[in-house]
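In mature numbering (1 follows the signal peptide of the UniProt record, and there is no 0), the protein residues as written are -18 to -1, 1 to 112. All residues carry an ideal CB built from backbone N, CA and C; glycine is no exception. The structure presented is a predicted model; accordingly, all values stated were derived computationally and were not measured.
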């Protein structure tokens, strides 16, 4: 039983920690984020700050992937809090998951927690904003 649980957690962790999956790109530095924001000035950018061993992060991961597929006009990024700790601190991330909404160099909003409805609503609200 314990072996099955470890295997299940390991599989979920591996699935969530892939470098790029679907329309979601994993980054770990301010330089990478700056390059992406410069290239996508007029687009909404959503950054998912996560930890691989965080159950709420694992639960919301497939939803985030689906949102990326449903919203090709939005840039979806993810930052592992262990590798991108400096980036997480620069956005005041205190818990995981936390979603940060950016447009250009502006931070529009920060949404902590794994609430699908809140995430979908924020994307809907900010994708069309100036």
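Item, Value
"Range covered by the beta strand (DSSP E) that runs through residue 7", "6 to 9"
"Cross-strand partners of residue 88 (DSSP beta bridge)", "85"
"DSSP-derived helix/strand/coil call for residue 45", "helix"
"Outcome for residue 30 when other beta-carbon atoms lying within 10 angstroms are tallied against a minimum of 16", "buried"
"Nearest-angstrom Cα separation, counted from residue 74 out to residue 3", "A caution first: residue 3 carries a pLDDT of 46, below 50, which makes its placement in the model too unreliable to give a value."
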